[in-house]
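Asker: Numbering (this note's numbering), first residue to last: 1 to 224. Where a beta carbon is used, it is the ideal one built from N, C-alpha and C, also for glycine.
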DNA sequence: TGCCAGGCCGGGT
DNA sequence: ACCCGGCATGGC
C-alpha cells in the first residue's frame, strides 16, 4: 500500500525514532496537558501536572471544585496560569455535566460532533480540540500546530497563508486513516520543526527531509 | 539577555 | 472575516 506522505513519514521515523507521545497516562491527564501546553514549553507543563498529581487534583471533580486561586497556584509553572485555571475548570465542568466526567464516555461521541462541542468551550481552540480528540479520545483527527505549519511552509508544501482547517485537511488527505500514524506523524513533525525549522532562520541544510523532497517549489525563506 | 515555547480570547476594524 | 494586544513562567 502506498500513500503520499509515506516517504516523509518513514524518513522522520528513521531519523527520530518513535515518539509515542502522551503514553501510559490517563486520558483526562492528556486533556489537561493539551490545555496547559498552549503556547507553552512542555517541561513547564510537566511541573504543573506534577503539582496537580501531588495535590490529588488530577481528576474532573477535583479540577471542577477546587477554588480557582488554589488551582491557579498549582499550575503556575505552566504560565498563563490564571487563564488556564479557568479553562481547566470550564473543561472539567463540561465533561462532568455532559459525559459524567468520563473521557471514555466522551469518546463514544461522533468525531465531528465532539469536535464542535469542544470548540464551543471557552479556552479550547482547534489545536487543543484536535489534541484531545486524537491523544485522549482516540479519534482520527490530525493535529496541526505552529511547527506543522512551519515545516510545511519551509518545504514548499503549502502557502504560508493556509488556514488551520486547510492544513489539517492537507495532511489528512495524504495519510492513511490510522491512529498510530496520525499520532506519530504529528509528534515527528514537531521534532523536525524544533530541530531544523526554527523561527527566524532559513531551513537547515541537514534537515532529514531534504533528500526525499520533490522540491515542488522554491523554499520560501522563512515567512510564516 | 532577550526571545521563545506543542494557543486562545475578546475587542476593534 | 481578519488583526492585534494580552496573557506568564522557565530555559537557553
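In three-state terms, what does DSSP make of residue 27?
Answerer: DSSP places residue 27 in helix when its eight states are reduced to three.
Asker: Whole angstroms is fine: what's the gap from residue 27's alpha carbon to residue 91's?
Answerer: Straight-line Cα distance between these residues: approximately 13 Å.
Asker: DSSP state of residue 102, grouped into three classes?
Answerer: If DSSP states are grouped into helix, strand and coil, residue 102 belongs with coil.
Asker: Using CA coordinates, which residue listed in 207, 181, 100 and 5 is at the minimum distance from residue 141?
Answerer: Closest by alpha carbon: 181.
Asker: From residue 96 to residue 107, what does the alpha carbon distance come to, in whole angstroms?
Answerer: Answer to the nearest angstrom: the Cα atoms are 14 Å apart.
Asker: Among 57, 139 and 197, which one has its Cα closest to the Cα of residue 130?
Answerer: Here the closest residue by C-alpha is 139.
Asker: Quick one: give me the first and last residue of the alpha helix (DSSP H) that residue 111 is part of.
Answerer: From DSSP, the alpha helix (DSSP H) with residue 111 extends over 111-119.
Asker: Rank 105, 136 and 127 by C-alpha distance to the C-alpha of residue 23 and give the top, closest one.
Answerer: It is 136 whose Cα lies nearest to the Cα of residue 23.
Asker: Specify, as a first and last residue, the run of the alpha helix (DSSP H) that residue 72 falls within.
Answerer: Looking at the DSSP string, the run of the alpha helix (DSSP H) that includes residue 72 is 68-74.
Asker: Are the segment 76-83 and the segment 109-122 touching, with three or more C-beta to C-beta distances below 8 Å?
Answerer: Touching, no.
Asker: Can you grab the Cα-Cα spacing for the pair residue 73 / residue 6, in whole Å?
Answerer: Straight-line Cα distance between these residues: approximately 44 Å.
Asker: Between the segment 147-154 and the segment 188-201, are three or more C-beta pairs nearer than 8 Å?
Answerer: Yes: at least three Cβ pairs fall under 8 Å.
Asker: So, residue 157 versus residue 121, is the Cβ gap smaller than 8 Å?
Answerer: No, the Cβ-Cβ distance between residue 157 and residue 121 is not below 8 Å.
Asker: Buried or exposed for residue 63, going by 16 or more other Cβ atoms inside 10 Å?
Answerer: Under this definition residue 63 is a buried residue.
Asker: Are the CB atoms of residue 37 and residue 30 nearer to each other than 8 Å?
Answerer: Cβ distance not < 8 Å, so residue 37 and residue 30 don't count as in contact.
Asker: Specify the secondary structure class of residue 225 as computed by DSSP and reduced to three states.
Answerer: Coverage of the chain is limited to positions 1 through 224, which leaves residue 225 absent and any answer about it impossible.
Asker: Going residue by residue through the segment 149-182, where are the continuous alpha helix (DSSP H) segments of at least 4 residues, counting only ones entirely within it?
Answerer: Runs of the alpha helix (DSSP H) inside the segment 149-182: 164-174.
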